[in-house]
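First comes the structure, then the notes that go with it.
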Amino acid sequence: MFGPQVPSVTADQVTPGVYLLDVREPDEWEAGHAPGAHHLPMMEIPARMAEVPTDGEVVVVCRAGGRSGQVVAYLMNNGWDNVRNLDGGMQSWAALGKDVVTDNGQPARVL
């Protein structure tokens with residue numbers, strides 16, 4: 001989607017222990033997210049970049065891959081070389097049957 005300048009991985013390539021950074025809006029996060037993911041809405045990235053690890057693999061996810069691709073490009077332009085876009089976002093994650101959870105006990109879904 002973004003070409004060779006934005007590295008990406010597919011949902012089945014995400015390994016345990018990777019830092020999964022979910023950049024969706026709070027309502028999307030509350031509806032359902034990957035277990036162990038870290039929530040940092042896209043619009044807050046510039047002010048909170050220090051929270052994004054600079055070592056280890058970081059996979060950035062949104063609903064379909066568009067916003068997360070923009071975040072990966074932004075972080076790369078600011079010195080991060082360990083970030084990857086989750087191709088297809090949470091939609092592809094859920095389509096593969098990977099776990100989607102909520103923090104409030106409600107049934108999880110991808111918005």
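Numbering of the sequence shown is given in full-length UniProt numbering, commencing with residue 1 and proceeding in unit increments.
Cβ coordinates follow ideal geometry from the N, Cα and C atoms, glycine included.
(message) In the DSSP output, what is Tyr74 paired with across the bridge?
(response) Mapped onto the sequence shown, residue 74 falls at position 74. Within the DSSP bridge table, the entry for Tyr74 names no partner.
(request) Using only alpha-carbon positions, find the residue among Val72, Val9, Cys62 and Gly79 that is nearest to Gln91. (result) Stepping through the sequence shown from its first residue, residue 91 is reached at position 91. Nearest to Gln91 by alpha-carbon distance, out of Val72, Val9, Cys62 and Gly79, is Cys62.
(request) Could you name the residues that DSSP lists as bridge partners for Leu20? (result) Indexing the sequence shown from 1 puts residue 20 at position 20. BP columns for Leu20 point to Val59.
(request) Go ahead and label Val6 buried or exposed: buried means 16 or more other beta carbons lie within 10 angstroms of its beta carbon, across all protein chains shown. (result) Here residue 6 corresponds to residue number 6 of the sequence shown, with the count starting at 1. By the neighbour-count rule (16 or more Cβ atoms within 10 Å), Val6 is buried.
(request) Can you say whether Ala11 is buried or exposed, counting buried as having 16 or more other CB atoms within 10 angstroms of its CB? (result) By one-based count along the sequence shown, residue 11 stands at place 11. By the neighbour-count rule (16 or more Cβ atoms within 10 Å), Ala11 is buried.
(message) Looking only at its chain, what residues have a beta carbon closer than 7 Å to the beta carbon of Arg48, apart from the 5 residues adjacent to it on each side?
(response) Residue 48 sits at position 48 when you count from the first residue of the sequence shown. Counting only residues of its own chain and dropping the five nearest sequence neighbours on each side, Arg48 has a CB closer than 7 Å to the CB of Leu40.
(message) What does DSSP give as the partner residue(s) for Leu86 in the beta ladder?
(response) Indexing the sequence shown from 1 puts residue 86 at position 86. Note: Leu86 sits in a beta bridge opposite Val9.
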